[in-house]
Amino acid sequence: MPELPEVETVTNEIRPYVLGCRIKDVEVLWPGTVKGNTVTEFVNGLKDQIVTNVSRRGKFIVWHLSGGRRMLTHLKMTGALIAQEANVPPPPYNRVEITLENGLKIFFRDPRKFGRMRIIDHDKAFDELGPEPLEPEFTAEVLESLLKKRKSPIKPTLLDQTLIAGIGNMYADEALFEAKIHPLRAADGLTSTEYRKLHKAIQHVLLAAIESKGASISNYVRPGGELGHAHFAFKVAHRRGENCERCGAPLERIVVRGRGTYLCPKCQPHP
DNA sequence: CTATAGACCTGACGGC
DNA sequence: TGCCGTCAGGTCTATA
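Right, dumping it as structure tokens:
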């Protein structure tokens with residue numbers, strides 16, 4: 095499930111395959127993947143462009159093109175960028191195929207068809223994204239002031255990309271467990287100590303997951319075909335019924351705003 | 001404005 | 001075996 099650490103890994107690992115390469119051809123096999131451009135605009139916008147960089151903003155992968163425009167890729171739930179020799183058959187659930195002049199093809203594999211690609215002219219697409227949680231500007235004070243603006247439960251607040259960019263369901267649960275905060279606590283109702291703990295926990299779980307190259311708990315695959323192993327370090331996510339590492343109590347799964355939410359009822363006492 | 005539900009999609013898995 | 005319900009979770013849109 096791609097969240098910040100998975101998107102960061104894909105960005106870093108796709109870069110060497112495409113950097114400085116000219117795009118020779120683009121084929122869109124599932125038109126729904128392209129949003130914000132027509133398929134023709136998308137294909138023509140990519141053709142003959144040289145990829146000058148690949149970066150990440152929130153959960154977006156940003157392809158920088160020599161003409162000055164950018165192509166955004168959002169993996170959503172099951173998207174994956176896969177690099178292969180051009181003569182190797184495409185992977186199953188291939189939705190978009192980008193042929194490079196260096197003899198490689200980049201496939202956008204996406205079983206559930208939630209993923210999206212689009213070309214943008216400027217940075218406007220990022221106007222509504224909150225700060226990057228791993229940038230130095232994102233201090234505990236910044237987190238506290240952002241969360242103080244919201245009365246809703248802390249868990250869905252952490253998932254709001256306009257507040258903080260990149261946190262998803264799994265890492266929200268992991269960070270709240272590490273900070274010993276129940277997901278239903280009001281976002282504006284933590285103590286100063288808890289805001290600091292949560293800030294530290296967010297950065298810790300994200301950095302640790304990046305070091306492990308992301309969590310391969312369902313469809314997530316890296317561009318070279320390898321898996322990530324961040325999920326082996328999960329303390330609560332997808333571990334319903336297992337015993338809490340810290341206190342031994344059985345872990346719970348509840349539903350918060352329609353999202354599966356994992357927690358330790360003893361370490362994270364209910365409000 | 002906020003909160004919530006539904007839509008988008010498909011596959012894996014567990015229970016009977 | 002085979003069928004059905006649940007779970008997976010990012011984000012846009014519609015509704016209250």
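Start counting the first sequence at 95; every next residue gets the next number (the numbering used here).
Glycine is no exception: its CB is placed at the ideal position from the N, C-alpha and C atoms.
Asked	Found
Per-residue DSSP class, three states only, for residue 222	coil
First through last residue of the alpha helix (DSSP H) which encompasses residue 345	From DSSP, residue 345 is part of no alpha helix (DSSP H); its letter is neither H nor E.
Nearest neighbour of residue 153, chosen from 309, 321, 167 and 132 [CA to CA]	167
Beta-carbon spacing of residue 136, residue 213 below 8 angstroms	yes
Nearest-angstrom Cα separation, counted from residue 287 out to residue 347	26 angstroms
Spatial distance of residue 243 from residue 216 (CA atoms)	29 angstroms
Residues near residue 365 in its chain [Cβ-Cβ closer than 7 angstroms; skip 5 each side]	276, 278 and 279
Cβ separation of residue 105 and residue 308, assumed to be a contact under 8 angstroms, to the nearest whole Å	Not really, about 11 angstroms apart at Cβ, beyond 8 angstroms.
Buried/exposed call for residue 127, threshold 16 Cβ in 10 Å	buried
The region 105-119 contacting the region 311-327, beta-carbon criterion three pairs below 8 angstroms	yes
Local Cβ density within 10 Å of residue 206, reported as buried at 16 or more and exposed below that	exposed
Cβ-Cβ distance between residue 144 and residue 115 below 8 angstroms	yes
Residue 264, enclosing alpha helix (DSSP H) - first and last residue	263-272
Segments assigned alpha helix (DSSP H), at least 4 residues, entirely inside the region 262-339	263-272 and 286-305
Residue 203 to residue 285 span [Cα, whole Å]	44 angstroms
Exposed unless 16 or more other CB atoms sit within 10 angstroms - verdict on residue 160	exposed
Neighbour-count burial assignment, residue 134, 16 or more Cβ in a 10 Å radius	exposed
Cutoff 6 angstroms; reference residue 98; Cβ partners in own chain excluding five residues on either side	260 and 300
Span of the beta strand (DSSP E), counted from its first residue to its last, around residue 149	145-151
Candidates 251, 329 and 332: closest to residue 283 by CA position	251
Coarse secondary structure for residue 172, derived from DSSP in three states	coil
Distance between beta carbons of residue 122 and residue 190, contact taken as under 8 angstroms	5 angstroms
Cβ shell of residue 101 (< 7 angstroms), same chain only, five flanking positions each side left out	150, 153, 155 and 169
Cutoff 7 angstroms; reference residue 341; Cβ partners in own chain excluding five residues on either side	358, 360 and 361
Residue 354 in three-state terms, based on DSSP	strand
Nearest residue (CA-CA) to residue 164, options 172, 139 and 334	139
Closest by C-alpha distance to residue 313, when choosing among 179, 158, 185 and 130	185
Whole-number beta carbon distance between residue 119 and residue 193, since they are thought to touch under 8 angstroms	4 angstroms
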